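What follows is a single structure, written as structure tokens, with notes after it.
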Amino acid sequence: MRINKYIAGSGLCSRRKADELILNGNVKVNGAVLKEPGYDVQEGDKVTVNGVDLAEQEESVYYLLNKPVGYVTTAKDEQDRATVLDLVPDIGERVFPVGRLDMNTSGALILTNNGKASYRLSHPKHQVFKTYRALVSGVMSKEKLWKLRNGIDIGGYVTKPARVTLLKENKNSTLLEISISEGKNRQVRKMCKAVGNPVQELQRISIGEVRLGRLKEGTYRKLTKDEIEYIKNC
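Sequential numbering from 21 applies to the sequence shown in the numbering used here.
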């Protein structure tokens, strides 16, 4: 994960501000001042900003939010739109969202203050599958399902194999369950559009073993001990 994204993922600041901190010599990796803004953080790296270890800033907390449509997945928004943190005003700790859900997608979103946990959940090498329920336009043929499952070009990038299950269909729409182990921008939407079945509604129902279940839209809960243990070892 690129260093500015890692720092921003800790909730400390934006990527742009992280770049400034790097250029000013305020960032160290494994005790040495970082001089390369394009550095990719490796598992086991100790990253400090102004002497503060991002992995040990404070006691780690973990929450699962059922994000509604209409909220942007960021701590602050330059356009002053409603953000997911507006939904959790009573959380005492400073948290940030792990990964992203676009404004028109609802569902499972983990909030934490642990940068390393965010890295493990987000980096493709850890193979954490995110599962979505996608209502798409039209009928989904066997050929299209095969393409979604085995990899499809979404504009200069061929997706990795995905788990795709047809749940329900009629002459106008199809309900799919899609699990992917990577997180390209708007990936599920692009995959479905690429086979000619654009998404009408999209909800993420699980992140690895952390499942949305019956959590009501717009509400959140603390992760269970088992879920936290899973994140620590995924």
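The C-beta atom is built at its ideal place from N, Cα and C for all residues, glycine as well. In this text the structure is predicted, and so the values were computed from the model without any measurement.
Would you mind giving the Cβ-Cβ distance between arginine 224 and tyrosine 152, rounded to the nearest angstrom? I have them listed as a contact below 8 Å.
The residue given as residue 224 occupies position 204 in the sequence shown. The residue given as residue 152 occupies position 132 in the sequence shown. Sure, about 5 Å apart at Cβ, within 8 Å.
Run through the segment 136 to 181 for me and flag every whole beta strand (DSSP E) of 3 or more residues, listed as ranges in chain order.
Taken in chain order, the complete beta strand (DSSP E) segments of 3 residues or longer contained in the segment 136 to 181 are 150 to 157.
Proximity test, Cβ basis, 7 Å: lysine 242 and chain D
In the structure shown, chain D does not exist; there is a single protein chain.
Minimum C-alpha distance to histidine 143 - residue among Lys188, Gly175, Gly45 and Ser201:
Mapped onto the sequence shown, residue 143 falls at position 123. Out of Lys188, Gly175, Gly45 and Ser201, Ser201 has the C-alpha closest to the C-alpha of histidine 143.
At what residue ranges does the segment 85 to 136 contain a whole run of the beta strand (DSSP E), taking only runs of 3 or more?
The segment 85 to 136 contains these whole beta strand (DSSP E) runs: 126 to 132.
For a test of the three-state rule: what should DSSP assign to lysine 245, helix, strand or coil?
Against the sequence shown, residue 245 aligns to sequence position 225. It is helical.
Can you give me the C-alpha to C-alpha distance between glutamate 247 and valine 104, rounded to a whole angstrom?
Here the question's residue 247 lines up with position 227 in the sequence shown. Here the question's residue 104 lines up with position 84 in the sequence shown. One C-alpha to the other measures close to 21 Å.
Evaluate the contact criterion for the segment 65 to 72 versus the segment 41 to 50: three or more CB pairs, one atom per stretch, below 8 Å.
These segments touch.
Using the beta-carbon count (16 or more within 10 Å), is valine 178 buried or exposed?
Indexing the sequence shown from 1 puts residue 178 at position 158. With fewer than 16 other Cβ atoms within 10 Å, it is exposed.
Less than 7 Å between C-beta atoms, sequence neighbours within five positions excluded: which residues of the same chain meet that for glycine 58?
By one-based count along the sequence shown, residue 58 stands at place 38. Only Arg22 meet the Cβ criterion.
Rounded Cβ spacing between valine 159 and glutamate 113 (contact assumed at less than 8 Å):
The residue given as residue 159 occupies position 139 in the sequence shown. The residue given as residue 113 occupies position 93 in the sequence shown. Taking the Cβ atoms as the reference, valine 159 lies roughly 47 Å from glutamate 113, outside the contact range of under 8 Å.
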